[in-house]
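In my numbering, the protein residues as written are 41 to 222.
Working notes for the structure below.
Put into structure tokens, the structure is as follows:
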């Protein structure tokens with residue numbers, strides 16, 4: 041059984057039910073677990089799937105809601121890590137001081153280098169936004185809740201990219217390798 045969905049370049053037939061077991065409900069459950077654990081293996085096991093099948097699904101759905109939500113799940117980890125690093129930079133780390141085996145006091149050690157490095161790295165890892173004409177442009181690259189809702193409700197692929205080949209966007213907001221002529 042197939043379902044026909046219209047993309048920008050015509051109708052595409054898609055399987056109504058995935059043969060690999062990755063239902064929309066399983067995809068959403070995996071993404072929730074991924075956001076909580078930041079472990080692909082644990083998240084996959086939590087929905088009765090394997091780590092390898094999760095990576096295969098992500099590769100097949102490159103650029104689709106599931107892929108973007110995967111990135112957003114990991115982005116939430118960077119946000120928490122950046123908050124912890126900022127806390128350490130602002131308040132330091134308590135260092136105990138011992139004399140002859142007894143605690144005689146504590147001091148605070150400050151190291152802002154970690155904070156600066158983490159904050160710089162966070163922005164370097166963000167996926168570039170989709171072009172304005174693409175349905176994905178309606179979602180912030182790090183808005184996990186909105187992307188999770190989109191994955192859970194389906195459809196599995198963007199309406200206007202049903203026949204795209206999964207290439208990255210180019211600098212001008214079009215598909216990489218697209219000449220722009222119709």
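Where a beta carbon is used, it is the ideal one built from N, C-alpha and C, also for glycine.
Next item on the list: Buried or exposed for residue 60, please, with buried defined as at least 16 other CB atoms from any protein chain shown within 10 angstroms of its CB.
Entry: On the chain shown, residue 60 is found 20 positions in, with the first residue counted as 1. That one is exposed.
Next item on the list: Tell me whether residue 77 sits in a helix, a strand or coil according to DSSP, three-state version.
Entry: Position 37 of the chain shown, counting from 1, holds the residue named residue 77. Under the three-state reduction of DSSP output, residue 77 falls in the helix class.
Note to self: Quick check on residue 142: buried or exposed, where buried means 16 or more other Cβ atoms within 10 Å of its Cβ?
What the structure shows: Translated into positions along the chain shown, residue 142 becomes position 102. Under a 10 Å Cβ-count criterion, residue 142 is classified as exposed, with fewer than 16 other Cβ atoms of the shown protein chains found around its own Cβ.
Notebook entry, point to check: Got a sec? Which residues, its chain only, sit under 6 Å from residue 150 by beta carbon, not counting five neighbours each side?
Noted result: Numbered from its first residue, the chain shown carries residue 150 at position 110. 132, listed in sequence order.
Note to self: So for residue 87, helix, strand or coil by DSSP?
What the structure shows: What you label residue 87 is simply residue 47 of the chain shown in a count that begins at 1. Looking at residue 87 - three-state DSSP - the assignment turns out to be coil, as it is neither helix nor strand.
Notebook entry, point to check: What alpha helix (DSSP H) runs, 4 residues minimum, are completely inside the stretch 99 to 152?
Noted result: 105 to 131
Check: Between which two residues does the alpha helix (DSSP H) carrying residue 199 extend?
Finding: Here the question's residue 199 lines up with position 159 in the chain shown. Residue 199 -> no alpha helix (DSSP H), and no H or E assigned at all.
Notebook entry, point to check: So, using beta-carbon positions, are residue 83 and residue 184 closer together than 8 Å?
Noted result: As a working note, residue 83 is residue 43 in the chain shown. As a working note, residue 184 is residue 144 in the chain shown. Here residue 83 is not near residue 184, since their CB atoms are 8 Å or more apart.
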